[in-house]
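Here my numbering is used: the first residue of the sequence shown is 1071, the next is one more, and so on. Note that the Cβ used here is the ideal one computed from N, Cα and C, for glycine as well. Just so it is clear, the structure is predicted and the values come from calculations on it, not from any experiment.
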Amino acid sequence: MKTVWARSAFEKKCTFCLCSDAHSMHRREADDDYFMGDEANDDEAQNDADRGNDADEENSIPVIIQTLPTVYNVTVGKTIRLECRVEPSGPSLRLPVIQWYRNDQLLYMGKMNLAPDAERFSLANNDLLITDVKPSDSGVYKCLVVQAEPMLIEHTLSVHEAPRIVQLIASDNGTVMEGADLLLTCDVTGSPPPQIMWSRDTPVGNKRLQERDGNFSLNSVLIHAIRRDQAGKYYCYIINGVGHAQADINIKVLHKPKVHIHQTAVNSAIQVPALLQCSAHGDPIPSISWYKDGNLVESDNALYVIATDGPNSNLTVVPQMDQDFGTFTCVARNNHGRHNKSVELTQRPVVGAMDAEGNKLTWSVHSHLPLEQLELQLRDMGMGNLTAINIPVPTANGHEYDVTYVMDNLTPGKYEAVAKARNTKEWSRNSEAMVVEFEAQPMYIQHASVYHGDSHSIRPSTILLSTVFMYLLVRMF
1071 MKTVWARSAF EKKCTFCLCS DAHSMHRREA DDDYFMGDEA NDDEAQNDAD RGNDADEENS
1131 IPVIIQTLPT VYNVTVGKTI RLECRVEPSG PSLRLPVIQW YRNDQLLYMG KMNLAPDAER
1191 FSLANNDLLI TDVKPSDSGV YKCLVVQAEP MLIEHTLSVH EAPRIVQLIA SDNGTVMEGA
1251 DLLLTCDVTG SPPPQIMWSR DTPVGNKRLQ ERDGNFSLNS VLIHAIRRDQ AGKYYCYIIN
1311 GVGHAQADIN IKVLHKPKVH IHQTAVNSAI QVPALLQCSA HGDPIPSISW YKDGNLVESD
1371 NALYVIATDG PNSNLTVVPQ MDQDFGTFTC VARNNHGRHN KSVELTQRPV VGAMDAEGNK
1431 LTWSVHSHLP LEQLELQLRD MGMGNLTAIN IPVPTANGHE YDVTYVMDNL TPGKYEAVAK
1491 ARNTKEWSRN SEAMVVEFEA QPMYIQHASV YHGDSHSIRP STILLSTVFM YLLVRMF
C-alpha cells in the first residue's frame, strides 16, 4: 500500500460545504418571517463569511504524510495507536483538516469524533488512538489530508483474539445406540480462526482421531456406525497464534448384552459341586438369569446356589442324580435386547486344548471318574489317511490328567490331530482339532577328515599323498 492523492475525498469535502450553504439559506428563509427588510444585509454577511473561509483554505499550509502504510497486529482488549505524521507540523501553523476512516466509515473530521462508540476513539496529534480493542475494529484505516491536493495513507489493523470454545455438543446428548451415527460439534471463536483437533481416551491413552475414524468438517466430526468400544471421553482442542483451549464430552454407547462363558463344558460327578461361570456386558448393565434345559433355575440350597455381582454370575450345582446333569444357559437382558450362551455340566471327561512343540503334543483331561482310555487320532491332510493311537493313561493329579505324546517315525507332512478320553461312565467329546506340521529331519554327515574308529584325525595332506601314490602305482602296471 502507498500514500496516494485522494481527489474523491476532496470532492466529498466540497459536498459538505454545499450542504452547509444550503442549511444557512434555509435558516435565512425562516428569519424572513420577522425581518423582511434585511435581505440585502444578510446576503452581504454571508458573502463575507464565504470569502473568509476561502481565505482560510488559501492560507493553510500544504502538508505531506510522512508515515508509511503499516500492518498493525493487536490482541483484544489492548490499546493501539495508528500513526499519521505530517510535515510541516506545529501549533502555530494553519494546517489542513485531517480525516480518519475505517473501511470508508468516517471516524474523525478534524477534531470532531464521529465514531459509533466514540469513547474508545481519540486523537493524539494526528494519530488515531483506539482503546479496549475489539474484533470488530479489524479493517483498513485511512488517514486523509483535505487540501487542494489531498493525500491519503492506508493502514491495516488485524485484531487477534485468544481461542475460546463456546460449546461442545454431541448428537442425542451424547447417548447413542450402537450402530448409530454420532455427530460432535465444537463451536469456537478466535482470531485468527483457530485450528480444531479431535481426540478420545482409549485403553492405551489419549489418541488423536484420524481420517479413518470419521468425516471431518469445519468444526465437527461425524462417526459412522459407532461401536461399543468407541464409548468414552472425547476432546475438542483448539489453537491459534494467541493461545489454546480444550473441552471434553463423555459419549455413552448403548448396546444389548454380550455373554461370555468361562468354560463350555464342566466335568463333575454325583455329590460333587460344580461351578458354572458367566459374565455379561451391556449398557445399561444387564440382568442375568440361569436356565436348565429351558427351565428357569432358582437358588436352592440343596441343588443350586446363584451368586451374581454386577456383570458376573456364578451358578454352583451339586448333582444328586444323573438327571441333574445337562445344559445350563446364562441369559442376559437389558432394554436393548438379550443374549445367551450355554455350558454343559457332564460326567464324561472334558478334554482341554492341545499344544504342539515340534513333534511333541501335550493336552489335559479333566474327569472326576477314573480314566480308562486315551486316544489320539491323526489324519494325514495330504493323503487323507486316519490313524488312531492308544495313549497310556498318566497318573492323575487330583482330577486332572496331563498327557504328553511324542510322535516318532512320522512321515513329514501336515496332520490334523484330535484327542478323546473315556472314563468309567462314557467317552468324552472330541477335542478341538489342531493342525500340526512336521518337517523332514536334516541328516548330519560326518567330515571325511575324521576317523572315529580310534578317535584319531587323519590329516587331509596325508589323504592327498596316498591318492597320488595309488594313481602312480596303477599307471606303472
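Asked, Found
"Proximity of I1319 and V1258 at Cβ, strictly below 8 Å", "no"
"N1405 classed as buried or exposed, judged by whether at least 16 other C-beta atoms fall within 10 angstroms", "exposed"
"Cβ-based neighbour list, P1263, same chain, cut-off 8 Å, excluding 5 preceding and 5 following", "N1310"
"Touching by the beta-carbon criterion (3+ pairs, under 8 Å), the segment 1320–1329 and the segment 1396–1415", "yes"
"Beta strand (DSSP E) segment containing W1170, residue limits", "V1167 to R1172"
"Inter-residue Cα distance where the pair is I1293 and V1236", "22 Å"
"M1504: first and last residue of the uninterrupted beta strand (DSSP E) it sits in", "M1504 to F1508"
"Buried versus exposed, by CB contacts within 10 Å (16 or more), P1158", "exposed"
"Beta carbon of C1306 nearer than 8 Å to that of L1252", "no"
"Cβ separation of S1437 and G1422, assumed to be a contact under 8 Å, to the nearest whole Å", "No, S1437 and G1422 are not in contact; Cβ-Cβ is about 11 Å, not under 8 Å."
"Helix, strand or coil at S1206 according to DSSP, with G and I counted as helix", "helix"
"Assumed close pair G1209, R1151 - CB separation to whole angstroms, cut-off 8 Å", "At roughly 16 Å, the Cβ-Cβ gap does not stay under 8 Å, so G1209 and R1151 are not in contact."
"Among L1448, V1141, G1302 and Q1316, nearest to P1273 - alpha-carbon criterion", "G1302"
"M1247 to Q1280 span [Cα, whole Å]", "22 Å"
"Span separating the alpha-carbon of P1464 from that of S1338", "20 Å"
"Among D1478, Q1447 and A1232, nearest to R1499 - alpha-carbon criterion", "Q1447"
"Neighbourhood of S1192 by C-beta distance below 7 Å, restricted to the same chain and skipping five residues each side", "L1199"
"Three-state class that DSSP yields for A1188 in the structure shown", "helix"
"In chain order, each beta strand (DSSP E) run of at least 3 residues that lies wholly inside the segment 1344–1405", "1344–1353, 1357–1362, 1374–1379, 1382–1387 and 1396–1404"
"Close beta carbons around L1176, own chain, < 7 Å, minus the five adjacent residues each side", "Q1169 and L1184"
"Coarse secondary structure for Q1516, derived from DSSP in three states", "For Q1516, the predicted model reports a pLDDT of 40, less than 50, meaning its position is unreliable and no value from the coordinates is stated."
"Closest Cα partner of A1344 within the set N1384, G1160, M1504 and V1133", "N1384"
"Inter-residue spacing [alpha-carbon to alpha-carbon] between P1356 and V1387", "23 Å"
"At least 3 beta-carbon pairs within less than 8 Å: the segment 1485–1496 vs the segment 1443–1459", "yes"
"Whether Q1136 touches V1167 by CB criterion (8 Å)", "no"
"DSSP beta-bridge partners of Q1237", "D1257"
"Euclidean distance between Cα positions of K1495 and A1335", "16 Å"
"Limits of the beta strand (DSSP E) - the one that C1306 falls within", "G1302 to I1309"
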